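J.: I have a structure I would like to understand better, so I am pasting it below and will then ask my questions one at a time.
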Amino acid sequence: MAESDNIVVETAEKIFADLADPQTVNNDKKDSWQAPLWQALSEAGLPLAWVPDDLGGSGASLADGFALLNAAGRFAVAVPLAETMLAGWLLAQAKIASPEGEMTVLPASPKDRITRDADGALSGRARGVPFAKAARHFAVLVHGKDGASIALVDASKGRIETGLNVGYDHSDTVTLDKVQPVAIKPAPSGFDQTTMMLMGGVARSLQIAGALESMLDISVRYSNERVAFEKKISKFQAVQHNLARLAGESAAALAAATSAADAIANAKSFDDAVYLEAASAKIRCAEAAEKGGAIAHQVHGAIGFTLEHILHRYSLRALAWRDDFGSESHWAVELGKLVANRGADELWPLVASR
Amino acid sequence: MTAALRFDPIRLPEKCEQLRKEVRAFLAEEIAAGTFDPHKPNREDTDAPEFSRRVGAKGWLGMTWPKKYGGQERSFLERYVVTEEMRVANAPTRRFFVADRQSGPVLIKYAPEHIKMDILPRICRGEICFAIGMSEPNSGSDLFAAKTRATKTDGGYLINGTKIWTSSAHIADYMIAIFRTSQPTKENRRHGLTQFLVKMKQPGIQVNPIGQITGQYEFNEVVFTDFFVPDDHVLGEVDGAWKQATSELAYERSGPERFLETYYVLTELVRAVGPNPDTRSAEGIGRLVAQLHTMRRMSVSVAGMLQAGKEPVVEASIVKDIGTVWEQQLPHRVRDLAAFVEETATNRETLERQLDFAIKTAPKLTIQGGTTEVLRGIIARGLGLR
Numbered sequence: 001m002a003e004s005d006n007i008v009v010e011t012a013e014k015i016f017a018d019l020a021d022p023q024t025v026n027n028d029k030k031d032s033w034q035a036p037l038w039q040a041l042s043e044a045g046l047p048l049a050w051v052p053d054d055l056g057g058s059g060a061s062l063a064d065g066f067a068l069l070n071a072a073g074r075f076a077v078a079v080p081l082a083e084t085m086l087a088g089w090l091l092a093q094a095k096i097a098s099p100e101g102e103m104t105v106l107p108a109s110p111k112d113r114i115t116r117d118a119d120g121a122l123s124g125r126a127r128g129v130p131f132a133k134a135a136r137h138f139a140v141l142v143h144g145k146d147g148a149s150i151a152l153v154d155a156s157k158g159r160i161e162t163g164l165n166v167g168y169d170h171s172d173t174v175t176l177d178k179v180q181p182v183a184i185k186p187a188p189s190g191f192d193q194t195t196m197m198l199m200g201g202v203a204r205s206l207q208i209a210g211a212l213e214s215m216l217d218i219s220v221r222y223s224n225e226r227v228a229f230e231k232k233i234s235k236f237q238a239v240q241h242n243l244a245r246l247a248g249e250s251a252a253a254l255a256a257a258t259s260a261a262d263a264i265a266n267a268k269s270f271d272d273a274v275y276l277e278a279a280s281a282k283i284r285c286a287e288a289a290e291k292g293g294a295i296a297h298q299v300h301g302a303i304g305f306t307l308e309h310i311l312h313r314y315s316l317r318a319l320a321w322r323d324d325f326g327s328e329s330h331w332a333v334e335l336g337k338l339v340a341n342r343g344a345d346e347l348w349p350l351v352a353s354r
Numbered sequence: 355m356t357a358a359l360r361f362d363p364i365r366l367p368e369k370c371e372q373l374r375k376e377v378r379a380f381l382a383e384e385i386a387a388g389t390f391d392p393h394k395p396n397r398e399d400t401d402a403p404e405f406s407r408r409v410g411a412k413g414w415l416g417m418t419w420p421k422k423y424g425g426q427e428r429s430f431l432e433r434y435v436v437t438e439e440m441r442v443a444n445a446p447t448r449r450f451f452v453a454d455r456q457s458g459p460v461l462i463k464y465a466p467e468h469i470k471m472d473i474l475p476r477i478c479r480g481e482i483c484f485a486i487g488m489s490e491p492n493s494g495s496d497l498f499a500a501k502t503r504a505t506k507t508d509g510g511y512l513i514n515g516t517k518i519w520t521s522s523a524h525i526a527d528y529m530i531a532i533f534r535t536s537q538p539t540k541e542n543r544r545h546g547l548t549q550f551l552v553k554m555k556q557p558g559i560q561v562n563p564i565g566q567i568t569g570q571y572e573f574n575e576v577v578f579t580d581f582f583v584p585d586d587h588v589l590g591e592v593d594g595a596w597k598q599a600t601s602e603l604a605y606e607r608s609g610p611e612r613f614l615e616t617y618y619v620l621t622e623l624v625r626a627v628g629p630n631p632d633t634r635s636a637e638g639i640g641r642l643v644a645q646l647h648t649m650r651r652m653s654v655s656v657a658g659m660l661q662a663g664k665e666p667v668v669e670a671s672i673v674k675d676i677g678t679v680w681e682q683q684l685p686h687r688v689r690d691l692a693a694f695v696e697e698t699a700t701n702r703e704t705l706e707r708q709l710d711f712a713i714k715t716a717p718k719l720t721i722q723g724g725t726t727e728v729l730r731g732i733i734a735r736g737l738g739l740r
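Chains A and B supply the protein sequences, listed in that same order.
By my numbering, the letter at position 146 of the first sequence is numbered 146, and the numbering carries on one by one without gaps.
Quick note, my numbering runs 354 ahead of the 1-based positions in the second sequence.
Written out as structure tokens, the structure reads:
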């Protein structure tokens, strides 16, 4: 996915380059870039890429949408594009039409629950919801004894305690207290909160992989410009080997994320193999965000630690994205349990099935 | 983007899965017949000539080679499946592995036709074993410092000098080696080395075994004294071995053997913790499985690029760098996680015996077939830093 070879990604990359250039965005203290960017993305139908035409979206394939998220990661895009895409995708699972405007999904953590009472009202608390403050609607996965439901909720009906993640993007706590949804329908058979978390996790994995590609790119470029001890720092073997490791982490993240995206795009159900792919992507990409980001900073030295430099737009966001839709620790425990439960002699057949 | 590294999500085609079933059934039969014990990677004698012939009879050696040389003209992805199943089962592949992976493809590319017709079918039948003669006492990673001389004489060359760390030289029927035919030039220090096919087990070649820290005798010192190699055993261009070496590296560096060498300890750990692991064990296993899955996906992706006729040298180097560092750390991580395994775990002894061996094996994994430092140099060159 490193080269844009489809029209969705080409369109998105052009918009990002024109309206979300990381240096321009970083220099703009008033965030005046946000509205034109969102408008351009909306006009191109990208936030509702995963929503079929008859439900108000642009009906792109899962694969194209995943490639779009990877591109968004390469630009460290800080508007609720991924969140609105996931919300539209979730609503479409229950054939609920998507409204216009920014959306986000809740819950955003595997441990949180939104439930429904006898009157049909929704209650519960969801922490770490990305861009809740910017959202006009929430797409909600509702936990129920008889299976999950999917609901569309007017964001103004929820109580929002705002917060920021380590990447300085909104990560808010949303409390629903007997809120009547705009629409609610049963989720398809077999679709539950775990399904939604896996999907969200793969979206974040692709964004992290994209951010790492850019971190590699700008780190290599910087090392070829910066002179120390009378030569370019790219000529020092210690620096070369650090960058080679960064390339490895970037490659691992990209491979894990694109493989998981491909698995979901072609899956008939969320079976153990898809679980392995999606959980692994989140775990490995989170590890790469830590290791790779540290190298990118090391190569840049003090300048990369400044607010003026764009590096933190990638490095901190990649770290923040680790937390959404289940951290790598969460998925590692769940994947470990799954593997242990299947038994030692079923581990290799599972790995080799992919 | 500077580095357009691509690892497309290649899937093994359906016919690979049928093949995988055949390989698993074959290996299960061999295990049942007592050919090898999959739980014992540290067995004394891994040279299993009869097993090698039976693998050949299955058509699983030289699988991708032309039929006229005994090959099957099957894909790299099919070969990949055979390789990984053999490795995971701890099958005794030493006798044929090097010939199948590396030596055969070199011969196909550079050997005269009559030699190909003679040797390649015998590799495919699992009859002969190859060694690779690269390192010397004073040239390891720095391949182009090799000094063993090949001096022109009537109808061929006389070889004098010493190769070292040569795996399987004590059982090998042939070696593909580089020898010095000219001095390096001022402009090109890589000039002057030539690749040769050497018939082993002849006067003029002395093979001295070298003990390894695992307790095994797998590699050797090979001393050549006025050993004659005929002209038709020159492989490729005289003085031009440096042009031939690089394109083979992608095959050598990206296969499943580059991250599965110590895999058995992970299987045994999962067995030891049982179906209901505590949180610590579950998290540890989950991370290791995620890392393993990712490397395998990268490795399969490179196999797909090879199948498509590309030369993914940088991608292959990344796979070997990450893969060998992982398989080196794996026994230590498993040891950490096994620290609190119940005393009553039925496979405790097996796990401890395996860890003992894997921990001793670990140091070589980031040295053999291209050190981590060399690999990172290649990756850095690919990034435009050198």
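Ideal Cβ placement from N, Cα and C applies to all residues, glycine included.
Keep in mind it's a predicted model, so treat the numbers as computed, not measured.
Could you tell me whether the segment 394-410 of chain B touches the segment 335-347 of chain A, using the rule of 3 or more Cβ pairs below 8 Å?
T.: No, the segment 394-410 of chain B does not touch the segment 335-347 of chain A.
J.: Which residues of chain B have a Cβ atom closer than 9 Å to the Cβ of leucine 276 of chain A, listed in chain order?
T.: Val643, Ala644 and His647, listed in chain order.
J.: Can you tell me whether valine 391 of chain A is buried or exposed, with buried defined as 16 or more other CB within 10 angstroms of its CB?
T.: Since the displayed chain A opens at 1 and closes at 354, residue 391 of chain A lies outside it and no answer follows.
J.: What residues in the segment 488-510 of chain B bring their beta carbon closer than 7 Å to a beta carbon of chain A?
T.: For the segment 488-510 of chain B, which is checked against every Cβ of chain A, not one residue is closer than 7 Å.
J.: Measure the beta-carbon distance from glutamate 572 of chain B to glutamine 566 of chain B and round it to whole angstroms, keeping in mind my assumption that it falls under 8 Å.
T.: Yes, glutamate 572 of chain B and glutamine 566 of chain B are in contact; Cβ-Cβ is about 6 Å, under 8 Å.
J.: Find out if the Cβ-Cβ distance for the pair valine 274 of chain A, alanine 267 of chain A is shorter than 7 Å.
T.: Yes.
J.: Could one say the Cβ of glutamate 637 of chain B lies closer than 7 Å to chain A's Cβ atoms, at least one of them?
T.: So yes, glutamate 637 of chain B belongs to the interface.
J.: Please go through the same chain and pick out, in chain order, the residues whose beta-carbon is closer than 8 Å to the beta-carbon of leucine 350 of chain A, but skip the five residues on each side of it.
T.: Cβ within range, chain order: Asp272, Ala273, Leu276, Val339 and Arg342.
J.: Compare the C-beta of isoleucine 208 of chain A against all C-beta atoms of chain B and say whether one is closer than 7 Å.
T.: With 7 Å as the cut-off, isoleucine 208 of chain A does not count as an interface residue toward chain B.
J.: Between the alpha carbons of leucine 302 of chain B and alanine 443 of chain B, how many angstroms are there, rounded?
T.: With chain B covering only 355 through 740, there is no way to say anything about residue 302 of chain B.
J.: Below 8 Å CB to CB, which residues in the same chain sit around arginine 651 of chain B once its five sequence neighbours on both sides are set aside?
T.: Excluding positions up to five away in sequence, the list reads Phe361 and Pro363.
J.: Mapping DSSP to helix, strand and coil, what is isoleucine 364 of chain B?
T.: Coil.
J.: Taking C-beta pairs closer than 9 Å, name the residues in chain A that arginine 650 of chain B reaches, listed in chain order.
T.: Simply Val351, Ala352 and Arg354.
J.: Tell me which same chain residues have a C-beta within less than 7 Å of the C-beta of lysine 517 of chain B, skipping the five on either side of it?
T.: These residues qualify, in order along the chain: Gly487, Ser489, Glu490, Thr502, Ala531 and Val576.
J.: What runs of the alpha helix (DSSP H), each 4 residues or longer, lie entirely inside the segment 446-495 of chain B?
T.: Qualifying alpha helix (DSSP H) stretches, in chain order: 448-452, 458-464 and 467-478.
J.: Taking DSSP as the reference, what is the three-state secondary structure of methionine 554 of chain B?
T.: Here methionine 554 of chain B sits in coil by DSSP.
J.: Can you give me the Cβ contacts of glycine 128 of chain A inside the same chain, cut-off strictly under 7 Å, excluding the 5 residues immediately before and after it?
T.: Around glycine 128 of chain A: Ala108, Ser109, Ser171, Asp323 and Asp324.
J.: Please compile the residues from chain A whose C-beta is within a distance smaller than 8 Å of the C-beta of threonine 621 of chain B.
T.: Under the 8 Å cutoff, chain A gives Ala344, Asp345, Leu347 and Trp348.
J.: Strictly below 9 Å CB to CB, what residues from chain B border tryptophan 321 of chain A?
T.: Those within 9 Å of tryptophan 321 of chain A in chain B number zero; the least Cβ separation is about 16 Å.
J.: Listing by chain order, which chain A residues have their CB less than 8 Å from the CB of alanine 712 of chain B?
T.: The premise fails here: alanine 712 of chain B is roughly 16 Å from chain A at the closest Cβ pair, so nothing lies under 8 Å.
J.: For serine 205 of chain A and proline 47 of chain A, I'd like the C-alpha separation in whole angstroms.
T.: Answer to the nearest angstrom: the Cα atoms are 18 Å apart.
J.: For the segment 260-291 of chain A, which residues have a CB atom closer than 7 Å to at least one CB atom of chain B, in sequence order?
T.: Residues passing the 7 Å Cβ filter: Asp262, Leu276, Ala279, Ser280, Ile283 and Arg284.
J.: I want to check one thing, is the minimum distance from the CB of alanine 155 of chain A to the heavy atoms of the ligand PLP below 6 Å?
T.: In the structure on display, the ligand PLP does not appear, and there are no ligands present to speak of.
J.: Name the two residues that bound the continuous beta strand (DSSP E) containing threonine 104 of chain A.
T.: Threonine 104 of chain A -> beta strand (DSSP E) spans 103-106.
J.: Shorter than 7 Å from the beta carbon of alanine 234 of chain A to some beta carbon of chain B?
T.: For the record, residue 234 of chain A in the displayed sequence is serine; it is not alanine. Answer yes: the Cβ-Cβ gap between serine 234 of chain A and chain B drops below 7 Å somewhere.
J.: Could you give the first and the last residue of the continuous beta strand (DSSP E) run that contains aspartate 177 of chain A?
T.: Start and end: 171-179.
J.: Against chain B, with Cβ distances strictly below 7 Å, would aspartate 324 of chain A count as a contact?
T.: So, not an interface residue.
J.: Under the assumption that alanine 82 of chain A contacts leucine 69 of chain A (Cβ atoms under 8 Å), give the Cβ distance between them as a whole number of angstroms.
T.: About 6 Å; that satisfies the 8 Å criterion.
J.: Is the beta carbon of arginine 689 of chain B less than 7 Å from the beta carbon of alanine 332 of chain A?
T.: No, these two residues do not count as a Cβ contact at 7 Å.
J.: Quick one, which residues of the segment 376-408 of chain B are near chain A if we go by CB-CB under 8 Å, in chain order?
T.: Within the segment 376-408 of chain B, no residue qualifies.
J.: Compare the C-beta of histidine 241 of chain A against all C-beta atoms of chain B and say whether one is closer than 7 Å.
T.: Yes, histidine 241 of chain A lies at the interface with chain B (some Cβ there is under 7 Å from its Cβ).
J.: Contact between the segment 607-620 of chain B and the segment 249-266 of chain A: three or more CB pairs below 8 Å?
T.: No: the two stretches stay apart, fewer than three of their Cβ pairs being nearer than 8 Å.
J.: Note down, in chain order, every chain A residue with its Cβ under 8 Å from the Cβ of isoleucine 721 of chain B.
T.: Within 8 Å Cβ-Cβ: nothing; isoleucine 721 of chain B doesn't reach chain A, min ~16 Å.
J.: For methionine 355 of chain B, which three-state DSSP category applies?
T.: A caution first: methionine 355 of chain B carries a pLDDT of 41, below 50, which makes its placement in the model unreliable, though a value can still be read off. Methionine 355 of chain B falls in the coil class under three-state DSSP.
J.: Identify the continuous beta strand (DSSP E) that holds glycine 510 of chain B and give its terminal residues.
T.: Glycine 510 of chain B -> beta strand (DSSP E) spans 510-521.
J.: Between the segment 655-673 of chain B and the segment 420-440 of chain B, do at least 3 Cβ pairs fall closer than 8 Å?
T.: Short answer: they touch.
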